[in-house]
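Here the structure is laid out as structure tokens; the discussion comes afterwards.
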Amino acid sequence: MNTDRKPALRLENIVKTFPGVRALDDVSFEVFPGEVHALMGENGAGKSTLMKVLGGIHQPDEGRIFVEEAEAVMTTPLHAKARGVMFIHQELSLAEELSVAENVYLGELPRKSLGRVDWATLYANTDEILKRLKVGFTARTRVGDLSIANQQMVEIARALTVDAKVVIFDEPTASLTDAEKVVLFEVIAGLQAEGVGIVYISHRMEEIFKITDRISVLRDGEYRGTLVTSETNEDEITQMMIGRSLDLSRRTARGEVGKTALRVEGLSCGSLFQDISFDVRQGEVVGFYGLVGAGRTEIAETLFGLRTPSAGKIFLKDEELRIHSPIEAIRHGISLVPESRKEQGLVLGMNCRDNITLPQVSDLVAGPFVSDGAEVAIFDQYRDRLEIKTPSWRSAVGNLSGGNQQKIVIGKWLAMRPEVLIVDEPTRGIDVGSKSEIHNLLRDLAARGFAVIVISSEMPEVLHVSDRIVAMYQGRVMRIFDAEEVTEDSLIQAISGIENGKVA
Amino acid sequence: MKNDRLGKFAGVLARQGILVAFILFMIGFSLWNARFISVENVFGVVRSSAILGVMALGVTFVVIGGNLDLSVGSLMSFSAIVVLDLHENPAFGPALAIPAMFAMTMAIGALNGFLVGYLRLNSLIVTLGMLSAIHGLTLTYSGGQNMDIANQEATWFGIFGRGTALGIPIPVLIFAGLAAVLAILLAKTPFGRKVYAVGGNEVAATFSGIPRARVVFFTYLISSFCVATAGLIQASRTMGAQNTVGQGLELEVLAAVILGGASLLGGSGTVFKTVIGVLILGFIQNGLLLAGLEFYVQFVVTWIIIILAVWLDIAAKRGRLWSPIA
Amino acid sequence: MQRMNTTDLIKGGAIWGFIVLELVFFSVAGSFWSLSESAFMDFDNMLLLLKQSAPIGIIAVGMTIIMINGNIDLSVGATFALSAVVMLDSMNWPIMAGLGDWAIPVAWLLALLTGAVLGFINGIIVWKTGVDAFIVTLGSMLGFRGLVFMYNGENPTFHLNWTMVDIAEWDALGVETPALVLIAVVVVAWLIMTRTVHGRNAYAIGNNREAAVNAGLRVGPHMLINFVIIGTLAALSAVAFYSASGSVNPNDGMLFELWAITAVVLGGTKLTGGSGSIIGTFGGVIAIQLLRKGLGHIGADTETVNLVIGSILIAVLFLDRQLNRKGQEELKV
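Shown next as structure tokens:
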């Protein structure tokens, strides 16, 4: 990092208000060429609003933006692009039916006469950029045929089409495997070496400490300050983000473990996973850890009746089950808090109460009608127990924060009084404060005798909540660890396919 | 406090915008022409809206469930033709013709429901195909001929379209009764809740153990039941029908449902709002006729009103009048 | 470079396979049941088929562009009728009488202009209000039809000009004007959609509108242009058809939107936008017309055409879904 040079990007007292909300309040910081500058804050702290201001989608009410010390007024995404401010979006922003080249130059296809596309130039330019990124696909590949990680490379290639001064990465590792992350970090280092200023948004502390030079923190739209990464620690950042410190240490001792609630023997589903065997006892949390695509979510979906297994047996309390649909799974006492809250967990347009009672609405009846009283009673019970913050049961769940939404989904399944509760990525996209609340909740459920399965891609989370950990690699169980014996190294080796020091 | 109340009032206004517009429209027209609001005229309007209205009730279920039904117009032609033909068939007569027609119409509705619900085919295209197929079926059934009841004096079949009870036209009673029953079904029963859930987010509904396919199937069955009822009223009122009597109604019905505020994306709308949508269309038509304008002027007025209604609705939701599309 | 697996091949070639199947079936079946002496695959018969395909075909090409772009247009039938009314009525205007035969191109231009304006109205509403195109054009389908009636009441509009009829029935090597127009429209639209920046952007916007917005594409004006294109094509279809017939009823063109969408979907274009092809749509149009003629040829009631087309549309949808299944590993939602 070279602080003698003029900053690549400088924000000066940015203020942005929406009706009733001060989304950004006096935000100022600068990013130097060749610097990786982390932007942190809880969900709702104003990061995405700030991104939209930088991207020309929103205009600030007050304050100024400078790119290489020249004031930049940006009213459309094109302005931002013209100034060399590029984005790598969290949710991939690609047209899957089109070729890589057409996506890289989306909005700026080279033209010949009569509005024709200059394909030769398009492919040549794109291939040149792809060469810089050292990827294994070509400009003519259809984007829909690429893996998620490679699609992200297409997004990055897009940022390289212009002489980028600043590249903003918005949670780029959310759906990447560890190996893919390494490639991404190499690319970021390359940009850094070329003197590009990088803004890096992420919730993941280990990444922040690994690749960033400085960290700016937002809280409730307010700028809380900038720290030098090498001179700070997780606690300090967390405190700045949530205004208090947080206990992320290993969980307290294991509770009373009862009888086996669920036992799975040799379960397989085509190429997704093979020969899976494990059990979960009452009063314990079993964590499933592995890379994205290791087959963890698919196992959960199979247990919940959403996939048909090609082999294997499922026993609930020693009774063999055949589960063909979620309805049957629910009847047997298996509940699934799915991976994607908004797509699979909630009906966003419905109110909080109706979402919580949805799986059992047929049973909450007085005569042929839904009983209002019974429904509200259930809602009240779980609102209190899970400390769900909502103005009333009538509020649409779409208006709640991510943490509260997740609590609604968990409440929905607790209300079914399940034998086995499966929670897939319990804290994805949830801010730090709510995260620890949900962790405590999961421990508390085990203490009350529930059998809990937690699937997570975050190692601290798995280590924190689990009594035992199932390590998965490419659709197979590599090893089942006891919480007392597991080390980070052995866990990483197991999920990378390394068995007793040898690659499986 | 006062601001709070004002804000609440504005919120209600935004949510019930279409109802407010309807009331203002009624007051305006009544001031201009007192005949507009007379009992006689109101019954007249509701009676002439009844066929469209009954169909719209069923389509409301389909739309809230997240699908479309473009086959209702040609299915209505089918049921009118079938009931008239069976009425004339000595083996059936009116008493058997009606249940037989309901069974046949609902069998086709069940096919729609099977294709969209269980086979998960796109509802727009399925019902577009069914629109065409049912039209062909009707023509094949009737041999392309119009159907008429030969001896109109000798049958009680006319009561559904022409009769009155306590001074109220029977079609109005059928419309009102069906609306009440379906409103309760949608708003108060577990089935209704499931329709909203499936339409709001079918994946989340499936993950919550709701049988999506069965719920969608039943919305189409309800839709076809309503269509059969509409066909009965139509056949009974005119005692004769052309093969194309329902042609084009599918889009008018959809217009009424959308005017009532149901979203085409599914998951929102109510029976009551659909009734309002139907009445608005009916009263506009009536008001324009009373004003001495030709029937086709209503097409243009309806166009403007649909666009305005949907526009204001989404403008209220996004908090700005003009679309953010660059 | 393009990876083509069997599924893609089946999907891409399906419509042409279906057309061959139809030809074979009707030729063979026709030799048993045909009422006429002539063979089904007679050359003149095929030329006639092309001509008869023109009105829906030209509109279907526009519909393909609109649907690839992620929209839909239900008002094309009414636009078709209103453009025809303007064209034929304008020739009766006193001022046009003075132009002699020059009145013909002027009337055509007026018709095309009408279509373009109606398309513009749809497009600007979709752009500026953000209301879904389905609803906007559902409304204007009623509204434009109202305008047709308001123009001339419930009476037909007619004007017979023999020069115009001659032009409309002129042929090159037996291919008559409407068929030539259809072919020209197909070729031009195909070039636009595959070779030009506008065409590729149409795919991009239909495929992922938000991505297009983020990339700085001006989505609103882009969609507006496509609505103007489909309006103009609906008018062109009216020009090609009514120049010969010389008389238009206010109810003409009803359900054209549904026929056009049927042809487009048969041709493999997805309702969700982002994929589809003009050539596929051309195949869809031919397949439907072939079916009409074929059923007539073997003496089936014309009524059954609707039944068969409807069933085929659903069958195509079903097959498409089966081909896209991932087998046992699929998630059951």
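Chains as they are written, first to last, in the working numbering: chain A, 1 to 504; chain B, 1001 to 1326; chain C, 2001 to 2333.
Cβ coordinates follow ideal geometry from the N, Cα and C atoms, glycine included.
| Query | Result |
| --- | --- |
| Local conformation of B/T1155 per DSSP, three classes | coil |
| C/M2004, DSSP secondary structure in three states | With a pLDDT of 44 at C/M2004, under the threshold of 50, the modelled position of that residue is not reliable, and no figure is offered here. |
| C/W2102 classed as buried or exposed, judged by whether at least 16 other C-beta atoms fall within 10 angstroms | exposed |
| Supposed contact pair A/I314 and A/L267 - C-beta distance, whole angstroms, cut 8 Å | 7 Å |
| Beta carbon of A/S175 nearer than 8 Å to that of A/V292 | yes |
| Within 8 Å, strictly: CB atoms of A/G312 and A/E265 | yes |
| C-alpha distance - A/F304 paired with A/S93, whole-angstrom precision | 31 Å |
| Separation of B/A1091 from B/L1249, as counted between CA atoms | 32 Å |
| Coil, strand or helix - A/A504 by DSSP | In this prediction, A/A504 has a pLDDT of 46, which is less than 50 and means its spatial position is unreliable; what the coordinates show is noted afterwards. It is coil, neither helix nor strand. |
| Three or more C-beta pairs below 8 Å linking the stretch 277-289 of chain A and the stretch 132-147 of chain A | no |
| Run of the alpha helix (DSSP H) containing B/R1047, from where it starts to where it stops | V1039 to I1064 |
| Backbone CA spacing between A/G197 and A/T357 [nearest angstrom] | 49 Å |
| Coil, strand or helix - C/R2292 by DSSP | helix |
| Simplified DSSP state of A/R281, which is helix, strand or coil | strand |
| B/K1188 at chain A interface by Cβ criterion, 8 Å | yes |
| B/K1194 CB to nearest heavy atom of the ligand GTP below 7 Å | The ligand GTP is not among the ligands present in this structure, which contains no ligands whatsoever. |
| Separation of B/R1120 from B/A1309, as counted between CA atoms | 31 Å |
| Below-8 Å beta-carbon distance, C/A2212 vs any chain A residue | yes |
| A/S230, DSSP secondary structure in three states | helix |
| Range of the contiguous alpha helix (DSSP H) that encloses A/K47 | K47 to L54 |
| Buried versus exposed call for B/R1320 [16 or more other C-beta atoms within 10 Å across all chains shown] | exposed |
| Among A/A261, A/L272 and A/R140, the one whose alpha carbon lies nearest that of A/E320 | A/A261 |
| Positions along the stretch 1036-1063 of chain B whose CB lies within less than 7 Å of some CB in chain C | none |
| Contact set between the stretch 2115-2141 of chain C and chain B, restricted to residues whose Cβ is under 8 Å from the partner | I2125, W2127, K2128, T2129, G2130, V2131, D2132, F2134, I2135, V2136, L2138, G2139, S2140 and M2141 |
| CB contact below 8 Å: B/F1160 versus chain A | no |
| Closest by C-alpha distance to A/V470, when choosing among A/N125, A/G107 and A/V286 | A/V286 |
| Under 8 Å by beta carbon: chain B residues contacting C/F2080 | In chain order: nothing, as chain B lies at least about 15 Å away. |
| Buried or exposed by the 16-neighbour rule on C-beta atoms within 10 Å, applied to A/W413 | buried |
| Within the stretch 2066-2139 of chain C, ranges of the beta strand (DSSP E) (whole runs, at least 3 residues) | none |
| Contacts around C/A2244, its chain only, beta-carbon distance under 7 Å, and the 5 residues preceding and following it disregarded | V2165, A2168 and E2169 |
| Sequence-distant residues of the same chain with beta carbon closer than 7 Å to B/L1290, five excluded per side | N1033, R1035 and F1036 |
| Nonlocal neighbours in the same chain, by C-beta distance under 7 Å from C/M2087, ignoring five residues either side | A2107, W2108, L2110, A2111, A2238, V2239 and Y2242 |
| Spatial neighbours of B/I1051 in its chain, beta-carbon cut-off 7 Å, leaving aside the 5 residues before and after | A1230, I1233 and Q1234 |
| Candidates C/V2076, C/A2078 and C/I2192, of which the one nearest A/L114 by Cα | C/I2192 |
| Contact belief for A/I156 with A/I88 at Cβ below 8 Å, rounded distance in angstroms | 6 Å |
| Reduced DSSP category for A/G221 - H, G, I as helix; E, B as strand; rest coil | coil |
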